[in-house]
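In what follows, a structure is listed as structure tokens, so that the remarks can point back to it.
Residue numbers (UniProt numbering): 1 to 197.
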């Protein structure tokens, strides 16, 4: 696993687009039709904004191989993407969501409001290419970061995009906070991992 640089954004966006192309929460906000192209544009924009705000992206590869198999995208305490940082991407967001843009905007605002009040790390996304799903790539990406976060003694938060993912994240110590309000798609489930004392 390696920390991504801005030069890795296109590759990471491709991986996350493939990973989320069957995600009902994310795909539910897109207009009908091809999802891979708009998702790639969306993740490219999100990755750029998150890295510019001080966030972290990590890439998983097989030892000695160049292909990226998985990506984890994190925002640390105080590393939130500001409205000012999102403005340059407004046209990208409009081109992705088109007539669904109002629903996507409301869903994003509601998701931000559901975050814990305490300082926390936010797992914005974790995904693997479909060919390695279930082989532990996501587990490696999560375990490595969670060990470091435990040393900082802060909590961690994520949204599980399906109910089926809740038990998966529970294995890492995350506890469900219930559905996150949304508009125009299926709700994600907010999950919190307490700080290690």
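C-beta atoms are modelled at their ideal positions from N, C-alpha and C, and glycine is treated no differently.
Keep in mind it's a predicted model, so treat the numbers as computed, not measured.
Contact check for residue 127 against residue 20 passes: the beta carbons are separated by less than 7 Å. In this structure, the CA atom of residue 37 is about 10 Å from the CA atom of residue 13.
Relative to the Cα of residue 6, the nearest Cα in the group 169, 167 and 51 belongs to 51. DSSP lists no bridge partner for residue 149. Per DSSP, reduced to three states, the secondary structure at residue 127 is strand. If you ignore the 5 residues before and after residue 10, its C-beta comes within less than 8 Å of the C-beta of 44, all in its own chain and listed in chain order. For the pair residue 170 and residue 189, the CB atoms are not nearer than the 7 Å cut-off. In this structure the region 132 to 150 lies against the region 65 to 74, because at least three pairs of beta carbons, one per stretch, are closer than 8 Å. Counting C-beta atoms within 10 angstroms of its own C-beta, residue 65 has fewer than 16 neighbours from the protein chains shown and is therefore classed as exposed. Sorting 2, 191, 146 and 141 by C-alpha distance to the C-alpha of residue 164 places 191 at the top.
Contact between the region 78 to 88 and the region 52 to 63 is present, with at least three C-beta pairs closer than 8 Å.
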